[in-house]
Amino acid sequence: MDKQSLIGLGLIAAILGVWLYLSGPSKEQIAKNKHIRDSVELAQKAMEVEEAHKIANVQQIQEAVVQVKAPVPDSVNSAERNDKYKDFAASANGKPETFVIENELIKATISNKGGMIEQVELKKYNRPGQTQALILFQKDSTNFSLKLNTYDRSRILSTDSFYFKPVVKTATQLVMRLETALPGSYIEFSYSLKPNEYLVESHIRFVGMQSIISQTEDQLQLSWKMLYPSQEQHVELEKKAATIYFKHATSDPDYINPIKDEEKELSDADIKWVSFKQQFFNSSIIAKDVFSKAGSFIKLSQRPNSKEFVSGVGSELGIPYAHKPDETFSYNFYFGPNHYYTLKKYDADLEKIIPMGWSVFSYINKWLVIPLFNWLSFLNMGIVILILTVIVKIVLLPIAYKTYMSGAKMRVLKPETDALNAKFEKNADPMKKQQEQMALYRKAGVNPLSGCVPLLLQFPVLIALFSFVPAAIELRQQGFLWASDLSTFDSIWNFGYVPFVNWAYGDHVSLFAMLMFVSTLAYTYMNSSMMPQQGSTQMPGMKFMMYFMPVIFLAVMNSYAAGLSWYYFLANMFTFTQNWIIKKIVSDEKIRAKLEANMKKPVKVSNFQKRLQDMAKQNQQPARKK
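One gets this note's numbering by counting positions in the sequence shown from 1 and adding 833 to each.
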């Protein structure tokens, strides 16, 4: 920096200093401002002290009021109860108490508050990693009550507000009574268990209630609500299966989509039963006759962020009431597993809550899979699935033989098909090429569809098992090899959250699914190597789909039941073995010799084939004229 620049900067600094000095406040102004600030601070402190005194005084007054406040006399409380509950007022007060009925299978705990079953234990089952009996639901997650429209609709009362008194109490039976102020007038809830049954026989009895229940009412509403507690290893899989089933008296059971929040009116017809269905268990209420359709509904709500509860469900069902001096409504509870034969014996279509697959495919599960699972229940279920695979493969062996022979015939005709491809490579005439190819197949006695149709016949078994295996109570907590539970996925590596990978594949590696994937790729490669090439233009797309489908299947099966992946893997391995044995028995040379003998014979054309040929010639003539 030069000398002139330094002089300039110095002058600028001097001017700024003089300006700040002249424009600043005087000593008197500074003293005045200090006095104002001190006054404001003193005033603020005074206000804070005054506010603190006010708060202290209010607290003292409140404490004094609490000290001098007299307790409400019992007569006042009694008057309020009498006004609110009228004839039920005497039952509004009580001491909570529980009672137990049980048999070899279940233990039901019943509360005197509301007279409801507040907890059920299933003695033959437990949660993963636990030894104590499985609790199907407990008092904090359920409510059961009867709504009473009373005194000519002046008020609606609910039985869960009152205390019942036990009048009959044994190890397997409990009768509880909600008494009123009128002599001989009461509502009675009764529950009883038979030996080795999951069914709780139940009754609601109305005695002398004509003057209390509104004369304009011909039905009462029975309300039942529940939060499904998580019972399995993976709550996300439970949420996909948890729903509500219901059955009208004159139709098949129906259900709410498990992945939706929905409230559904049941007004089409009277209702036979409603079932709160979880993945492997259900809690159902079944009318001896029917529940009334009027005012009845069911409701399903999701709990997406909860690890403790799966879903919330509720129902409200109509109970007919005829205003008789003594009348009873009978119904049953079912608390137990989704076991096909157990549910079927009650002859109420309750077994239809178990997913069996589409109507045609369901018979494979009903007539083969379920009987086999039950007959061989003393064996490890992994071995049972192996036996099932052997049975299915033996039954389908003729189909497998035809499938192999069709592929082998197409393969040994490869020289002829290659010649056709070369012949029409330059002169592209697809119709002509197809005609000559079909003529070749007829001459050799080959049906190209005979390899496809038998293969399609195996799909019903796969689809039936795809529906049933994840819901099979027989596989629940059944370990095999490295899998601790064949009803859910096995995991040899939990790698955690990875963007997109978790969405498409999951956060773990299932070894059974991986074995199924590798064997499917090997099976696909073996099939493609056995079949002749049908043209270079189609093969790249076909090959991509052939090898891409096992990848999609892996993504699905990685979080599916390990028992199903085990079956698919075994099915592939048995197919390899079958084809190897057939290839040893029937060589390509023998097949070629037979086809050459067929080609030397005169071709017999059926009337149908002749009509097809005539139609093809007629279609070609206009094209040639053009």
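All C-beta atoms, glycine included, are put in the ideal place defined by N, C-alpha and C. For clarity, every value in this text was computed on a predicted model and none was experimentally measured.
Proximity below 7 Å, CB of residue i to CB of residue j
i	j	result
A1316	A1395	yes
F1114	P1062	no
S1300	P1188	yes
Q1048	P961	no
Q1310	D1323	no
I1414	V1245	no
K1080	A1102	no
F995	F921	yes
F1257	K1266	yes
L1397	V1302	yes
K946	P929	yes
D1094	S1134	yes
I1104	I1089	no
P1086	D993	no
Q1052	Y984	no
I934	T1005	yes
Y1400	I1218	yes
Assigned exposure category for residue i - 16 Cβ within 10 Å defines buried
i	result
F1345	buried
W1326	exposed
L938	buried
G1151	buried
G927	exposed
M1274	First, the residue type needs correcting, since residue 1274 is Tyr and not Met in the sequence shown. Counting Cβ neighbours within 10 Å, Y1274 comes out buried, since at least 16 surround it.
N1198	buried
Y1358	exposed
S1108	buried
L1230	exposed
P1332	exposed
W1191	exposed
M1382	exposed
M1264	exposed
S1129	buried
Y1164	buried
M1378	exposed
Selected residue, minimal CA-CA separation from residue i, among the options
i	options	result
I1020	K1276, K1002 and Q1043	Q1043
I968	E954, L979 and T975	E954
I1046	A1255, D1421 and I989	I989
A1233	E1012, K1416 and F1386	K1416
H1036	I1089, M1059, L979 and D1087	L979
F1168	N1391, E951, Y1393 and R1425	E951
A1426	T1013, K1242 and P1137	K1242
S1116	V1033, Q1054 and L1253	V1033
F1402	D1159, Y1380, S1084 and A1355	A1355
A1120	A1074, Y1179 and S1392	Y1179
V1143	T1005, F970, Q1054 and V1228	F970
V1193	G1339, L1298 and A1404	L1298
Through-space distance from residue j to residue i, alpha-carbon basis
i	j	result
I1216	F1206	10 Å
N1412	Y1237	7 Å
R1038	S1018	11 Å
F1166	W1106	10 Å
L1070	F1313	20 Å
N936	V1202	30 Å
V1225	G1145	40 Å
T1250	Q1268	12 Å
P1293	L1212	26 Å
H1341	G1329	7 Å
P1016	A1082	38 Å
F1162	E1149	15 Å
H1172	A1305	8 Å
L1308	T1013	51 Å
S1210	I1220	12 Å
Q1270	K1276	10 Å
V1291	K1185	It should be noted that the sequence gives Gln, not Val, for residue 1291. Their Cα atoms are separated by approximately 24 Å.
M1372	N1335	Low local confidence applies: a pLDDT of 49 at M1372 is under 50, so the model's placement there is unreliable, with the coordinate-based value given in what follows. Cα to Cα, the separation comes out at about 32 Å.
Y1196	I1296	12 Å
K1027	K1110	23 Å
L1060	A1074	14 Å
Any C-beta of chain C under 7 Å from that of residue i
i	result
V1279	Checking the listed chains, one finds no chain C in this structure; it contains a single protein chain.
Can you give, in chain order, each stretch of the alpha helix (DSSP H) that sits fully within the stretch 1159-1215 and has at least 4 residues? 1173-1177, 1192-1197 and 1203-1208
Give, in chain order, every unbroken run of the alpha helix (DSSP H) that is at least 4 residues long and sits entirely within the stretch 1270-1342. DSSP runs (the alpha helix (DSSP H)) wholly in the stretch 1270-1342: 1285-1289, 1292-1301 and 1334-1337.
Extract the residue ranges of the beta strand (DSSP E) inside the stretch 1024-1063, only unbroken runs of 3 or more that lie entirely within it. 1032-1040 and 1052-1062
At 4 residues or longer, what runs of the alpha helix (DSSP H) sit wholly inside the stretch 933-983? Taken in chain order, the stretch 933-983 contains no complete alpha helix (DSSP H) segment of 4 residues or longer.
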